[in-house]
Each structure stands twice: as structure tokens, then as C-alpha cells.
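A short write-up of the structure that comes next.
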Amino acid sequence: MKPIFLSLILFSFYFQAFGQKVEPSQLQLDLIGKSDAQYKAGWIFLGSGTALSLTALVIPRTYDYNDGSSNNRVISFLGWTGFLAIGTSIPLFLSAGQNARMAAKLSLESQSSIQPIPIPGQPRHFPALSLKIPL
């Protein structure tokens, strides 16, 4: 009885191992998409913050030289908005990298063996451990 039970367990592991095919999970695809969106948003915030900060530096302090009116309110608004936009881009880049690393995972797949001369009795597929890194 023990040899029959042991052989059934071994055969079930054998068939289970060769019958596996794991597609990328929906969570993994969502993380890749989220990472791409955060990376793009990070570049948008960095570029717009840089443009606003440079605009604040280029604007002259006075806009009417006859009565001495100043642009200090506009300059400070553009400068602070640019500074905050640049500061916002940093966490976006960090979370995009974290989501990309989380999406890279180990998966078990059934790989086909490439043999120039097929050997009779040898399986054509074998279980393989693969690391998927989305770029």
C-alpha cells in the first residue's frame, strides 16, 4: 500500500509540475502601468517646476519704470509654485521605482526544451523558474 501511495504522490507532482503555465497576474500589470504613469507624471512636474522657477528668475522686478510698480507678488508665486512642483516630482520618481521593483517577480513556467535530436521518452517541457523584469 505504501509503494502505491508513494507512486501516486510522485506522479501527481510530476503532472502538476509539467501542467503549470502562469500568466502575468493582473496585479503585476497594474503595477507596471502605475509605475509608467508615475514616472511620466514625475517628469511633467520636474519640467514644469523648472520652467516656473526659471520664469520667476527672468521676470524683471519692476514692470513700470515710471511709477515704480513691482512684480514681487508674481515672482514669489511663480518661484514657490516651481519649487513645490520640483519637490512633488521626487516622491513620484521614488514610488515609480518601488512599483517597478515590486512588479518584477519570480514565476514558475513550463518551458519547452530545445533539442536538435529529440530523445524518445524524454519530456519536451520542463518546469523553469524565471525572473521577469519589465523595462
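Counting in this note's numbering, the sequence shown runs from 552 upward without gaps.
Glycine is no exception: its CB is placed at the ideal position from the N, C-alpha and C atoms.
At which residues does the beta strand (DSSP E) containing residue 615 begin and terminate? Residues 613 to 615.
Measuring CA to CA, which of 649, 601, 648 is closest to residue 636? The shortest Cα separation from residue 636 among 649, 601, 648 belongs to 601.
What residue does the alpha helix (DSSP H) around residue 650 start on, and which one ends it? Per DSSP, residue 650 belongs to the alpha helix (DSSP H) from 623 to 654.
Neighbour-count burial assignment, residue 607, 16 or more Cβ in a 10 Å radius: Taking a 10 Å sphere around the C-beta of residue 607, we find 16 or more other C-beta atoms and assign the residue as buried.
Cutting at 8 Å between CB atoms, please list the residues of its own chain near residue 629, excluding the five before and the five after it. Same-chain partners within the cutoff: 603, 604, 606, 607, 610.
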